[in-house]
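J.: Pasting a structure here, questions to come.
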Amino acid sequence: MDKEEYLLYIEKSIKEINDSYLFGNWRKQLTAKRLGSEFNKTYNEEKLWNQLLYLTTNSCTLLLEGFNEDLTIEVLKNCGKTYEDLAEISEEYDKDFCLILSALCYDLSGYQANAYCLIKKLTSEYNFESTDENINLELDNYIIKHIQLILLKNIPKAQTLINNNNNIGFYQVNLAFKSIYENILDGNESDIIGNLDQSYKYFLKDYNIPISLLLLLLKTRFHKYLERSIWKNLNYSDEIKKNPIWQKYIKLLTNDIYDNNKLKDINKKRSIFELWISQLRAIEAGLLTEDKNFIIQMPTSAGKTFIAEISILNYLLKFPGKKCIYIAPFKALTNEKEEELNKNLGKLGFSVSTLSGSYEIDEYQNVLVEESDVLITTPEKIDLLFRINKNYFDNISYIVIDEGHLVSEISTRASLLEFLIIRLKIKFNNIKILFISAVMPSINAEQYSAWLNTGDRGNVIRALKNKTAGSEEQWEPTQKIIGIFSWQGEKGRIDFNEIISEDEKTKEKNNAFIQGIINVNKYGRKKFPNKKDDGQTIVELCNYFNSIGGGTLIFTLIPSRALSIAKKFIYYNELIGNSSIIQTESYFHSKNLFGEDHIVTKVLGIGVGIHFGDLPEILRKSIENDFRLGNLKSIISTNTISQGINLPIKNIIVHSVLIDSDDFKLKINQNDFKNLIGRAGRAGMETEGKIIFLDKEKYNKVKGELVPANSLFFNVLKSFINKRISDTTFNNYLNLLSESYLFDLLIEESIPQDELILKIIDNSLFKVQIEESNIDTSIISSGLNKVYNRITEKVSSDKLEVYGMTGFSLNTNDIIFNEINDNFAKYKEFLDNDNYFGLLKSIFDFFSKNKENLVEIQFESNIGDYSFYYDILEKWINGISYNELRDERKKIDNSTNKNDPIINLFKLISDGFKYKFSWGISAFITLLAFVLNKKIQDFPGNIKNLVGYMKYGTNNPFICIARSIGIGSNQVADILLKKYKITGGSDSYNDFIIYISSINYELINSLSISEYEKQNINNTSLKLRPRKNSGEENKIFRIVGTYYDITRKEESLKILVGNILQIERELKNEYDPYAILVKNNNIILGYIPRNLAKDICLDIDLNISNYQIKVTRIEEGKGFNKIYGKLI
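Here it is in structure tokens:
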């Protein structure tokens, strides 16, 4: 038998075993047992083990020979899953050894996150043990230790553990490990496979089967690494290899120096040194090399943010000085993306900022817009920027659109996003777009590619399992398991109907299940849970899931149901007599905002989170953070978490998917639900996620195919053609969806009407979908022409531009314009006197009288008069406490029989003051400036800053700027402002930002505020990269922090001009990852200023540069010298 015949024989045999009925059935039985099912097993563990060893070793043989990779990768993945099950329930084999084998199989088959997750389960270092004193296992356990660290991705620590033992076995494996670590950390090329092969042969010759098996798997794993390597795939050209920033970026990933805002302990480092399958597909498709617009159609948790990050960095380096925009549909998601992108891009010196809000204009945001290299914001804010500052887009090279399927949702936001892209294509066709979605049907992804690439449908990037897989055969890093809960007597049961095994003799089929997962228990005279109460059942299910580990999300449709479930947790806590309060950041903020007796505060105090849209942002973010840290084990949420937020969720319990009552109907969108369940089993945290429905009926309502991601214009047209809507309704919808965007295009495009309409259609998604459905575009062309004619007939040319800037419809613009004209003298007087409260009161009175007609800003339709809100708004701007605000809101709710006035207060602030009314005031001021023939920037200070006052609840513009960059409360912002003024701070907003960015942690620690607020200041300071500081390493600076320590003060008195001082990274600083000590003869003098430290610390940490300080000036202080110097 020659080599080719031998490989064919192996291929045939492993395929037969992998596809065999017996092997498949035994694997299913094993999974069912692991989940907790009780049945008479028929599998033979020894035979199963032998099959696994055969499949594992021979699959490695085929892979190393490049023979049928698709088959061998699939087999090794299956082996990984089966070893994983054995690691939990094996009765015959070492469970920890099974875990290592599982991790290695997952790792080399492209499921690296699973491997990492599993190896973390080894609570202590795994070693071989023997009772025979003559057997020396030192080398064996040395190898196992390194393999564990490789699987943990802790390459920096592994490198430090290479010993100097000259024994031939140690020497051989050390050669292999050294070559691996140097390649991963620094990109040094060496013969990794050759060295591993020599080690493997050494142990095989010694008949050491366990170690030779591990080394065979490791050799095969690094054979695949050479294809997936970050160094290989990101260094795609000679030019990029020479780019110092790109090389620093790769080393940042592989060395894993930082843990967000502190230096990472070496025991916790996790090197990113290769690409996942999904990310490889992106590179193979030309993400970094092709000048195209791409659609990323990949499952949740498939590594899409990393794909966005490397493409953003690629464009920042390709087009120096140009900016990138990341559009995310929800504020919570923009905050998360800022943190994720800032983690690496910020360390490289790029400014990553979030621009919050929607259509309101405020002066502070102009600072962020100009300062940021990467701007993360919502579709509404980008639309506004496009309307008021088109020149900004001349300096944009790249736009990422996350959750892009929202183009198809039933809302005006869908048309906003489509028209935004239409206008970008018409006006700025050089800007490239990356479109991301986890829940878009394949046919739609290809249509979106055709839309963005002028007919080319081939620019869809999918996480295909292999290069020949069909579009639906997508790789997912974790497995999802659906369970249905039911009561059987007093015991609860979960059935996993998709995991079916059978008795080989009787052929009786059984699904996996867990019997008696929860029980009805007695607490005195009371029983819990009540089987008819879904909320109580959820509490008990959470108790079970929390007992076995992993975070649990309870999904429900609306906030009132979330609060109802929260009450059940509180009731259970009282039932068991638990009165202790868990002190967390979220509890701290909730107590301040809601008071300690509110449901939200109480449920957080017992370790259960609650999450919905109307919660204040600082509370919502702290709940997310507490859940990530494990301070909250369960979290009750509406749809807010399905909208892209990444949390360590292992289990999802589905409370409700449909509300169908006489006065209210709501069903979760199928795509949103797919997005939600994709959150279960986060990659790297779990290998599988469980989704538990409280009954089968709930599951049946949401299972099925994804909803088509069609253009809203296309859907309206189809409804018209199918006679579901009338001609009048069709034109009304078209007007609603397009009118405000046509204002903008009419100003920009000085071409005939028919050409403009044709241009709009040619650059639209709806054209692609209309033509594929064989529908004539003339119908929609005629409709858009009617909208165009209505605008040109009713709006004079001089008003077109200002109407286009507001984002409002023609009708709303006219109503506001007429109000200003009719009361010109009144509004001019407000302006002349900077009477911002007088102006605000008049505008609110106007809003109230025209409530029914000003549709864009309608709020709480059952409240008859917006003047109710003005009293609260005035107090809000004047900075009264939340206690007083809650009392004011109660007055409204008592008069209108509304529930939960505190929730209503925060809804008023978030949806009213920060969104709709801010938009209305902003539009009003824009039109007022037009009527007065003035620029808004020339308005008096308070009126110019009025929208910021409304958003942040203050009348101090500096507090507004602090809040806009991330400071969590007005009280903390005010403390910082006072400190800034003491230093002689100017009236420049940018100088204040620079001050906050340079605050050192010693000053922060001296403030009389909570630890959570200190951390908020520190995090905000660390993320800021003001442009004014670029090139600071060549400037003279003052050594800071001398004042805070007596030894430093005394040492400062010894320093002379011309002295050379040493610098040293303060590696154990818990607050500042950039901290650089300044020393004189090993005695600490202070620190390099934080802004300068940000610029140079990465070079120091990566051993790229060494610095000293030459003293250039000394000034006398009180008991110490102020020392100035420059880097040399």
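Okay, so the sequence shown: first residue is 105 according to our numbering, each after it adds one. Cβ coordinates follow ideal geometry from the N, Cα and C atoms, glycine included. Since this is a predicted model, take the numbers as computed values, not measurements.
#1: Going by beta-carbon coordinates alone, are asparagine 278 and asparagine 292 separated by less than 9 Å?
#2: Are at least three pairs of beta-carbons, each pair with one atom in the stretch 374-386 and one in the stretch 329-344, less than 8 Å apart?
#3: Going straight from the alpha carbon of glycine 184 to that of threonine 160, what length do you get?
#4: Does the stretch 161-174 come within contact of the stretch 113-121, defined as at least 3 CB pairs closer than 8 Å?
#5: According to the Cβ coordinates, are isoleucine 1188 and cysteine 1201 closer than 9 Å?
#6: Exposed or buried, alanine 929, counting other C-beta atoms within 10 Å across all chains shown (16 or more means buried)?
#7: Look at the Cβ atom of glutamate 843, then the Cβ atom of isoleucine 895, and state whether they are nearer than 9 Å.
#8: What is the rounded straight-line gap between the Cα of leucine 384 and the Cα of isoleucine 503?
#9: Should lysine 1011 be labelled buried (16 or more other beta-carbon atoms within 10 Å of its own) or exposed?
#10: Rounded to the nearest angstrom, how far is the Cβ of arginine 95 from that of aspartate 1176, given a contact under 8 Å?
#11: Secondary structure at isoleucine 204, three-state DSSP: helix, strand or coil?
#12: Do the stretch 705-714 and the stretch 677-688 touch if we need at least three Cβ pairs shorter than 8 Å?
#13: Could you tell me the boundaries of the alpha helix (DSSP H) in which lysine 802 lies?
#14: Which one of Ile288, Tyr845, Ser664, Ile879 has the shortest CA to CA distance from serine 741?
#15: Are isoleucine 1192 and isoleucine 1167 close, meaning C-beta to C-beta below 9 Å?
#16: Is there contact between the stretch 406-425 and the stretch 446-453, where contact requires at least three CB pairs shorter than 8 Å?
#17: Whole angstroms are fine: how far does the CA of lysine 994 sit from the CA of leucine 289?
#18: Quick one: residues in its chain with C-beta nearer than 8 Å to the C-beta of leucine 1171, no 5 flanking neighbours on either side, listed in chain order?
#19: For the stretch 470-480 against the stretch 754-763, do three or more pairs of beta-carbon atoms, one drawn from each stretch, fall closer than 8 Å, so that the two count as touching?
#20: For isoleucine 1103, I'd like the list of residues in its chain whose CB is within less than 6 Å of its CB, leaving aside the five on either flank, ordered along the chain.
#21: Does the separation of the CB atoms of isoleucine 603 and alanine 191 fall below 9 Å?
#22: Could you tell me the boundaries of the alpha helix (DSSP H) in which histidine 509 lies?
#23: Spatial neighbours of glutamate 1155 within its chain, please: C-beta separation below 7 Å, excluding the five flanking residues on both sides.
#24: Would the stretch 808-815 count as touching the stretch 495-515 if we require 3 or more Cβ pairs under 8 Å?
#25: Would glycine 563 and lysine 396 qualify as a contact pair, given that the criterion is a beta-carbon distance under 9 Å?
#26: Around the Cβ of threonine 1157, are there at least 16 other Cβ atoms within 10 angstroms (buried) or fewer (exposed)?
#27: Give the secondary structure of tryptophan 579 by DSSP, where H, G and I count as helix, E and B as strand, and everything else as coil.
#28: With burial defined as no fewer than 16 other Cβ atoms inside 10 Å of the residue's Cβ, what is the status of threonine 275: buried or exposed?
#29: Check each candidate in Asn218, Pro1130, Ser1073 and name the one with the smallest Cα separation from leucine 697.
#30: Short of 6 Å in beta carbon distance, which residues of its chain neighbour leucine 1128, apart from the five on each side in sequence? Order them along the chain.
#31: In whole angstroms, what is the alpha-carbon distance linking asparagine 122 and glycine 128?
#32: In chain order, what residues of the same chain have a beta carbon less than 8 Å from the beta carbon of asparagine 499, not counting five sequence neighbours either side?
#33: On a CA-only basis, which of Ile864, Ile1164, Leu1165, Lys1198 is nearest tyrosine 1178? Give me that one, please.
#34: Near threonine 1030, what residues of its chain come up, given a Cβ to Cβ distance below 6 Å and the 5 sequence neighbours on each side ignored?
#35: What do you get for glycine 1162, buried or exposed, if any count of 16 or more other CB atoms within 10 angstroms of its CB means buried?
#36: Return the CA-CA distance between valine 704 and aspartate 991, expressed in angstroms with no decimal places.
T.: This is what the structure holds:
#1: no
#2: yes
#3: 9 Å
#4: yes
#5: no
#6: exposed
#7: yes
#8: 21 Å
#9: buried
#10: Absent from the model: residue 95. The displayed extent of the chain is 105 to 1232, so no value can be given.
#11: helix
#12: yes
#13: 800-806
#14: Ser664
#15: yes
#16: yes
#17: 60 Å
#18: Leu367
#19: no
#20: Ser1125
#21: no
#22: Looking at the DSSP string, histidine 509 is not in any alpha helix (DSSP H), and its letter there is neither H nor E.
#23: Asn1184, Ile1187, Leu1189
#24: yes
#25: In the sequence as presented, glycine is not what sits at residue 563; that position holds asparagine. Yes. Within cutoff.
#26: For the sequence presented, residue 1157 should be read as leucine rather than threonine. Answer is exposed; the Cβ neighbour count stays below 16.
#27: coil
#28: Checking the displayed sequence, the identity of residue 275 turns out to be tyrosine instead of threonine. Burial call: exposed.
#29: Ser1073
#30: Ser1101
#31: 7 Å
#32: Gly425, Lys426, Lys427
#33: Lys1198
#34: Met909, Thr910
#35: exposed
#36: 18 Å
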